[in-house]
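Asks:
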Ligand SMILES: Cc1ncc(COP(=O)(O)O)c(C=O)c1O
């Protein structure tokens, strides 16, 4: 056995589980003949574990399919025996052909867009198993987007809390600072395959707009972002970034001049331009195929968690706006009934209507923005007012897959208040040197509570959906009010 290949193999095995199983593993899988061909065997096992097809692996490595099949027996018989775990489970629920999860989902859009959504669904269904497409996406994720994002054992925080071992899946390390780019990149690649030349999106706080403008610049699309005038006025820094990235930001000056009016603006544009324009939806919601397509693009998070942890955790906690980071973190574990899945909603200032954005309990079945789900509504069935300190959680609806998972009880929903989220930002910053986005801080707050009640040999993963840089102005109001005000005043003078 040559030194380098042996080292590769050790690193590989070590990264999967832990050194104590290495010798068992080696004995289990290697005959003398196998040892002669170890580097190739390692490659086969790696590819099998990442879910590649037997025929493709055989073709890639120039070996017979029988050799690969033997490799897969080794993986199943010995590797999984050691880990006591099946391959990545086939997650449930899956959208039905018509795009429903239970009674939620569907495609409630004007007739003129039905054909376009059908085309999008057909294209996506053909691409999602295409090796070339997945390889292109993976390459961008790795070399542009900075994946895999780290899974970090939060030693200081775990010791401070004194319960389960807390791990942080740090999606804030993605390019642009949050998980949103995972599905923006995926959608942009699908749009490219469909021959589209332009991307449009709506944005509330600006984060989705920035992620869309970013992938548009990278992949050579023209880009238009719709944003309510009220949101533009309070999120000006993100408007500057979007324009810097080459996007045109169109203000919506009617209605409440916020997110829902921006959605209407974008849909009106799409009705007229869908021939060459793709509408980038920013969470696991909207009409089919968006909820399942974005879920698939986000589920890289749970695949990485499983691989990085080397086993299933006992619980995963994620914040829930529309549902994309939560579904991304949960999806690969849905069938793993021993893993508790906890979604944390925006508890805002209080449980009074208009002061929070938590759908459970309280939201009602409705059809809005192209899909059927739970929405916070007033007594006339219109969108209710909502509030959260975290702009990304300040939303009336929830994606259809999470609505179904709430009904079945597979995902538990709890809420964290603005105050709890702010306290969690401070605690994570001081204990771990990580400043989470205010959205993610909701998950941190609840994760800590759960960890406290769990035994020390248990593991809990908190999904840190984004980093807190974008929240500087809000954080400064709470943590550095007077000093920051002085700074802003000084800064203002430089404009005169
Ligand atoms: C950092 C961050 N986390 C979470 C969310 C909530 O969205 P979702 O529920 O789709 O993950 C947002 C939305 O903008 C966000 O910016």
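Numbering (this note's numbering), first residue to last: 804 to 1299. C-beta: ideal position from N, C-alpha, C; glycine also.
Residue 1121 to residue 1262, Cα distance in whole Å?
Replies: Your numbering for residue 1121 matches position 318 in the chain shown. Your numbering for residue 1262 matches position 459 in the chain shown. Their backbone Cα atoms lie some 15 Å apart in a straight line.
Asks: Considering only the beta carbon of each residue, do residue 1247 and residue 1146 sit closer than 7 Å?
Replies: On the chain shown, position 444 is the one that residue 1247 refers to. On the chain shown, position 343 is the one that residue 1146 refers to. Cβ atoms of residue 1247 and residue 1146: not closer than 7 Å.
Asks: Closest to residue 1097 by CA distance: which of 931, 1070, 911, 862 is it?
Replies: The residue labelled residue 1097 in the question sits at position 294 within the chain shown. Of 931, 1070, 911, 862, the residue nearest in Cα terms is 931.
Asks: Do residue 907 and residue 1206 have their beta-carbon atoms positioned less than 7 Å apart in this structure?
Replies: Translated into the one-based positions of the chain shown, residue 1206 becomes position 403. Translated into the one-based positions of the chain shown, residue 907 becomes position 104. Yes.
Asks: In the structure shown, what three-state DSSP assignment does residue 1081 receive?
Replies: Against the chain shown, residue 1081 aligns to sequence position 278. Note: residue 1081 maps to strand in three-state DSSP.
Asks: Going by alpha carbons, who is nearest to residue 998 out of 1006, 1077, 1283?
Replies: As a first step, residue 998 must be located in the chain shown, where it is residue number 195. Comparing Cα-Cα distances from residue 998 to each of 1006, 1077, 1283, the minimum goes to 1077.
Asks: Answer with buried or exposed for residue 1274, where buried requires no fewer than 16 other C-beta atoms within 10 angstroms of its C-beta.
Replies: Walking along the chain shown from the start, residue 1274 turns up at place 471. Flag for residue 1274 reads buried.
Asks: When you compare only the Cα positions, how much space is there between residue 935 and residue 996?
Replies: Taking the first residue of the chain shown as position 1, residue 935 is located at position 132. Taking the first residue of the chain shown as position 1, residue 996 is located at position 193. Computed Cα separation, rounded: 12 Å.
Asks: Could you work out which residue in 1141, 1125, 1190 is closest to residue 1171 when comparing CA atoms only?
Replies: Locating residue 1171 in the chain shown gives position 368, where the first residue counts as 1. It is 1125 whose Cα lies nearest to the Cα of residue 1171.
Asks: Given a cut-off of 7 Å on the beta-carbon distance, is the pair residue 1134 and residue 1105 in contact?
Replies: Here residue 1134 refers to the residue found at position 331 of the chain shown. Here residue 1105 refers to the residue found at position 302 of the chain shown. Result yes, Cβ atoms of residue 1134 and residue 1105 sit closer than 7 Å.
Asks: With a threshold of 6 Å, establish whether the CB of residue 1242 neighbours any heavy atom of ligand 1.
Replies: Here the question's residue 1242 lines up with position 439 in the chain shown. Result yes, Cβ under 6 Å from ligand 1.
Asks: Between residue 1063 and chain B, is the shortest Cβ-Cβ distance under 7 Å, so that the two count as touching?
Replies: Protein chain content of the structure displayed is limited to a single chain, and chain B is not contained in it.
Asks: Taking just the CA atoms, how far does residue 1034 sit from residue 1075?
Replies: Residue mapping note: residue 1075 aligns to position 272 of the chain shown, counting from 1. Residue mapping note: residue 1034 aligns to position 231 of the chain shown, counting from 1. Taking the straight line joining both Cα atoms gives about 25 Å.
Asks: Is the number of C-beta pairs between the stretch 899-918 and the stretch 1083-1097 that are closer than 8 Å three or more?
Replies: Segments in contact, yes.
Asks: Anyone know if the C-beta pair for residue 972 and residue 954 falls short of 7 Å?
Replies: For this step, residue 972 is matched to residue 169 along the chain shown. For this step, residue 954 is matched to residue 151 along the chain shown. Cβ atoms of residue 972 and residue 954: closer than 7 Å.
Asks: Less than 7 Å between the beta carbons of residue 1045 and residue 1012, yes or no?
Replies: If you number the chain shown from 1, residue 1045 lands on position 242. If you number the chain shown from 1, residue 1012 lands on position 209. Contact flag set, yes.
Asks: Quick check on the DSSP output: the beta strand (DSSP E) that includes residue 977 runs from which residue to which?
Replies: Counting from 1 along the chain shown, the entry for residue 977 is found at position 174. Residue 977 -> no beta strand (DSSP E), and no H or E assigned at all.
Asks: Rank 1103, 1116, 1188, 1243 by C-alpha distance to the C-alpha of residue 968 and give the top, closest one.
Replies: Translated into the one-based positions of the chain shown, residue 968 becomes position 165. Nearest C-alpha to residue 968: 1116.
Asks: If you reduce the DSSP assignment to three classes, tell me which class residue 806 lands in.
Replies: Residue mapping note: residue 806 aligns to position 3 of the chain shown, counting from 1. Low per-residue confidence applies at residue 806: pLDDT is 45, beneath 50, and the placement is therefore not dependable, though the value from the model is reported in the following sentence. It is helical.
Asks: Return yes when at least one heavy atom of ligand 1 lies under 6 Å from the C-beta of residue 1123, else no.
Replies: Residue 1123 sits at position 320 when you count from the first residue of the chain shown. Yes, Cβ of residue 1123 sits closer than 6 Å to a heavy atom of ligand 1.
Asks: Do you know offhand how far residue 1161's Cα is from residue 1232's?
Replies: Reading the chain shown from its first residue, position 358 is the one you call residue 1161. Reading the chain shown from its first residue, position 429 is the one you call residue 1232. Taking the straight line from one Cα to the other gives about 25 Å.
Asks: Provide the residue span of the alpha helix (DSSP H) that contains residue 1258, from first to last.
Replies: In the chain shown, the residue the question calls residue 1258 occupies position 455. Note, residue 1258: premise wrong, no alpha helix (DSSP H); not H, not E.
Asks: Does the separation of the CB atoms of residue 1128 and residue 982 fall below 7 Å?
Replies: The residue you call residue 1128 lines up with position 325 of the chain shown. The residue you call residue 982 lines up with position 179 of the chain shown. Yes.
Asks: Would you say the beta carbon of residue 1132 comes nearer than 6 Å to a heavy atom of ligand 1?
Replies: Indexing the chain shown from 1 puts residue 1132 at position 329. It does not: the Cβ of residue 1132 is nowhere closer than 6 Å to a heavy atom of ligand 1.
Asks: Enumerate in chain order the residues of its own chain whose CB-to-CB distance from residue 1059 is below 8 Å, with the five nearest sequence positions on each side excluded.
Replies: As a first step, residue 1059 is located in the chain shown; it is residue number 256 there, counting from the start. Only 1031, 1033 meet the Cβ criterion.
Asks: Which residue's Cα is closest to the Cα of residue 1241: 1199, 1212, 1191, 1254?
Replies: Locating residue 1241 in the chain shown gives position 438, counting from the first residue. For the residues 1199, 1212, 1191, 1254, the minimum Cα distance to residue 1241 belongs to 1191.
Asks: What distance in whole Å lies between the Cβ atoms of residue 1016 and residue 1028, which are believed to be in contact at a cut-off of 8 Å?
Replies: As a working note, residue 1028 is residue 225 in the chain shown. As a working note, residue 1016 is residue 213 in the chain shown. Going by Cβ atoms, the distance from residue 1028 to residue 1016 rounds to 6 Å, so yes, they are a contact pair.
Asks: When DSSP builds the beta bridges, which residues end up paired with residue 1144?
Replies: Within the chain shown, residue 1144 is the residue found at index 341, counting from 1. For residue 1144, which the question treats as bridged, DSSP gives the partners 1119, 1214.
Asks: For residue 891, count neighbouring C-beta atoms within 10 Å of its own C-beta (all shown protein chains included) and say buried if the count is 16 or more, exposed if not.
Replies: Working through the chain shown from its first residue, we reach residue 891 at position 88. Residue placement at residue 891 is poorly supported in this model, since its pLDDT is 41, which falls under 50; the coordinates still yield a value, given next. Under this definition residue 891 is a buried residue.
Asks: Near residue 1066, what residues of its chain come up, given a Cβ to Cβ distance below 7 Å and the 5 sequence neighbours on each side ignored?
Replies: By 1-based counting over the chain shown, the position of residue 1066 is 263. The answer, listed in chain order, is 1005, 1172.
Asks: Please report the straight-line C-alpha distance between residue 951 and residue 856, rounded to a whole angstrom.
Replies: The count along the chain shown starts at 1 and reaches residue 951 at position 148. The count along the chain shown starts at 1 and reaches residue 856 at position 53. Each residue's alpha carbon lies about 22 Å from the other.
Asks: Taking 6 Å as the limit between beta carbons, can you name the residues of its chain near residue 1225, skipping five residues before and five after?
Replies: In the chain shown, residue 1225 corresponds to position 422, counting from 1. Only 1281 meet the Cβ criterion.
Asks: At which residues does the alpha helix (DSSP H) containing residue 921 begin and terminate?
Replies: Position 118 of the chain shown, counted from the start, is the residue given in the question as residue 921. That run of the alpha helix (DSSP H) goes 914-930.
Asks: By the three-class DSSP mapping on this structure, what secondary structure does residue 890 have?
Replies: By 1-based counting over the chain shown, the position of residue 890 is 87. Its pLDDT being 39, under 50, residue 890 is placed unreliably by the model, and the measurement read from it follows with that caveat. In this structure, residue 890 counts as coil in the three-state DSSP scheme.
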